[in-house]
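Residue numbers (my numbering): 6 to 716.
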């Protein structure tokens, strides 16, 4: 029997497909694998190529950033302002101004403000290659570099301190420039506290802040144990500190010896702004620079080197959210602030010589020509002058006379300084709640007993009665002053050989004729050998409790000379109305590069007097604007007995004033200076300074008053 393998066409077809499928599938798979491998190879090659290009480009960007950093580095080392400007950001003018100021003050890298002196040249060492961190978008970068320092207090030591600095750069579209790091770098503000210290800091400084908090608490506790009989800090003691990220803090620290204080808070530079210490030795010095200022200021508040005056401090300020200025009072014994005067707004305050009365000028928003003065005395207050003046006229006021015969001078001037008009407001002639004012023919200056006056009308001088009424013509002159009752002096100009020279002359008011007290040639000689330019005398002033001393203020003629000078003139001791004084010697005390700001509560024929002497005749006090960009003021005290000089720095970074504001206590032992957010109570004889925080805004015209004057 023949056997057959029966298969249908369908079966054969299926069988054939089943037998041939693995071969075709493997071929496809192999093709797909080969294609995938090829694509992956191309992709990997492309990725690697792009990566290489990106890395090459990133390296090129880093090199560009490094080049910009090297320019900054060279500018910092050479203190080259022009070179620094080439890598300064143009977008934030305030930040740019501060960077220039830091360079000018040698604070861009130098850190002597905390006791570290930069080692010059170490920044430029070739091995000091910085770390450059690029942001993902390549539009900004951080340059991290190290700088070597020496301990200012231990210059003989071979140990070097290293601070690590971070410098931010950004791409402007055409070049890389340094820039403010911004909030992304600093992070949010955070707060931590201990028993007596509260520390506010940017988030990026958290680890450093934690260590500083512990060490400050220990330093504060130790200070209390040394200065207080109870041996520990009172329970209510709380010191607020903020690690500031504004670079202006470095400049302000460099300009003043004490701490920076604002609204009950001590300000310190954040370590990323200052430079981060990389080891314990560096941290100890940085912490010392932090703590010493704060602990010294804190300790000064625990005890006083001498009895505080039985007086209060009054000042005009805006409240934190108050659109109008009001009168505030500080009690130095209770350490408390109070607003006085109700809702009345004020814009000026001045006290008399004995601080027994205070005169306030009210503020009428939107009304420039309404002038109203209020007198505060013996715990009561009432208006003494209420009048309208011509729009555009400026009103100044000043006290004159003793407490037994108090007089107030009101000066109105226009934009033309020659147009000055004066009124006398005699408090002895008050009726009810208003006082009678008398028109004057010039600016009067009362004799020591108040029985006579010198009246200056333009360039003409007259002798007047106690009310300033003209009685006798003296002659042409300027800057009159009383040597004693019956004897006056003034400046007289003479044309000698084609040169206008200023002599100081004196005369007995009962007699005719003058004698030269101090010649122009003597003033020229006081400058020393080589000086030939005469001096234009702008002010002459006697010294309280020193009848043998005169102060002369003026500047030299000549286009190239813009310096202002103050001279001390010593007179012989035995002069009287019948015996003319003679000059023993003349001494140049101070030279200023610019005109002093002037003391706002005393008048001269040209406005505010250029300086003031403390009531005890000890301290010549002069203030001037040091830097317009940062609104930095200097107040210099010159000891007329020893020649010692003390300089205090004030700054108003928010509200700009035309002068700093200060006032001496009645005994001349205490000086109060208004700062931004606090007052400084200073006893210069003892190098003592106490900080008084208040949290008020734009405070001006601090004045002392007796405790019974305002309450």
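Think of the CB as a built atom: it goes at the ideal place given N, C-alpha and C, for glycine as much as any other residue.
In the structure shown, what three-state DSSP assignment does residue i receive?
| i | result |
| --- | --- |
| residue 242 | coil |
| residue 585 | coil |
| residue 643 | strand |
| residue 404 | strand |
| residue 478 | strand |
| residue 146 | strand |
| residue 713 | coil |
| residue 411 | coil |
| residue 11 | Residue placement at residue 11 cannot be trusted, given a pLDDT of 36 that sits under 50; what the coordinates show is reported in the next sentence. Here residue 11 sits in coil by DSSP. |
| residue 26 | With a pLDDT of only 49 at residue 26, under 50, the local geometry of the prediction cannot be trusted, and the value read off the model is given with reservation. If DSSP states are grouped into helix, strand and coil, residue 26 belongs with the helices. |
| residue 671 | coil |
| residue 690 | helix |
| residue 372 | coil |
| residue 156 | strand |
| residue 389 | strand |
| residue 424 | coil |
| residue 520 | strand |
| residue 590 | strand |
| residue 623 | coil |
| residue 301 | helix |
| residue 501 | strand |
Measure the beta-carbon distance from residue i to residue j and round it to whole angstroms, keeping in mind my assumption that it falls under 8 Å.
| i | j | result |
| --- | --- | --- |
| residue 593 | residue 531 | 5 Å |
| residue 167 | residue 147 | With a Cβ gap of about 18 Å, residue 167 and residue 147 do not count as contacting. |
| residue 89 | residue 77 | 7 Å |
| residue 61 | residue 181 | Going by Cβ atoms, the distance from residue 61 to residue 181 rounds to 18 Å, so no, they are not a contact pair. |
| residue 269 | residue 253 | About 19 Å separates the two Cβ atoms, so there is no contact after all. |
Could you tell me the alpha carbon to alpha carbon distance between residue i and residue j, rounded to whole angstroms?
| i | j | result |
| --- | --- | --- |
| residue 353 | residue 510 | 36 Å |
| residue 197 | residue 203 | 6 Å |
| residue 141 | residue 212 | 26 Å |
| residue 452 | residue 589 | 24 Å |
| residue 513 | residue 481 | 16 Å |
| residue 599 | residue 615 | 11 Å |
| residue 497 | residue 413 | 28 Å |
| residue 701 | residue 249 | 20 Å |
| residue 364 | residue 516 | 38 Å |
| residue 63 | residue 134 | 17 Å |
| residue 755 | residue 551 | Residue 755 is absent from the model: the chain starts at 6 and stops at 716. |
| residue 603 | residue 355 | 15 Å |
| residue 610 | residue 444 | 16 Å |
| residue 3 | residue 506 | Not covered by the structure: residue 3. The range shown for the chain is 6 to 716. |
| residue 448 | residue 463 | 9 Å |
| residue 335 | residue 318 | 5 Å |
| residue 558 | residue 121 | 40 Å |
| residue 577 | residue 665 | 36 Å |
| residue 119 | residue 385 | 50 Å |
| residue 718 | residue 170 | For the chain, the structure presents residues 6 to 716; residue 718 sits outside this window and is missing. |
| residue 238 | residue 692 | 24 Å |
| residue 214 | residue 323 | 33 Å |
| residue 191 | residue 418 | 51 Å |
| residue 289 | residue 283 | 11 Å |
| residue 607 | residue 613 | 6 Å |
Measuring CA to CA, which of the options is closest to residue i?
| i | options | result |
| --- | --- | --- |
| residue 393 | 550, 386, 671, 369 | 369 |
| residue 475 | 381, 463, 459, 320 | 459 |
| residue 484 | 546, 225, 300 | 546 |
| residue 285 | 217, 539, 463, 66 | 217 |
| residue 153 | 372, 114, 237 | 114 |
| residue 455 | 243, 477, 405, 503 | 405 |
| residue 543 | 527, 554, 569, 524 | 569 |
| residue 342 | 699, 253, 289 | 699 |
| residue 402 | 390, 508, 411, 415 | 415 |
| residue 629 | 622, 618, 641, 227 | 641 |
| residue 656 | 282, 504, 684, 395 | 684 |
| residue 306 | 713, 696, 710 | 696 |
| residue 644 | 635, 667, 619 | 619 |
| residue 541 | 156, 502, 526 | 526 |
| residue 209 | 164, 275, 265 | 275 |
| residue 651 | 680, 670, 682, 688 | 688 |
| residue 575 | 173, 176, 548 | 548 |
| residue 264 | 293, 495, 400, 428 | 293 |
Runs of 3 residues minimum, wholly inside the region 63 to 142: which ones carry the beta strand (DSSP E) assignment? 121 to 123, 136 to 139
Length at least 3, wholly inside the region 172 to 240: the beta strand (DSSP E) runs in chain order: 181 to 183, 194 to 198, 202 to 207
In chain order, which continuous runs of the beta strand (DSSP E) of length 3 or greater are located wholly inside the region 263 to 293? 265 to 267, 270 to 274
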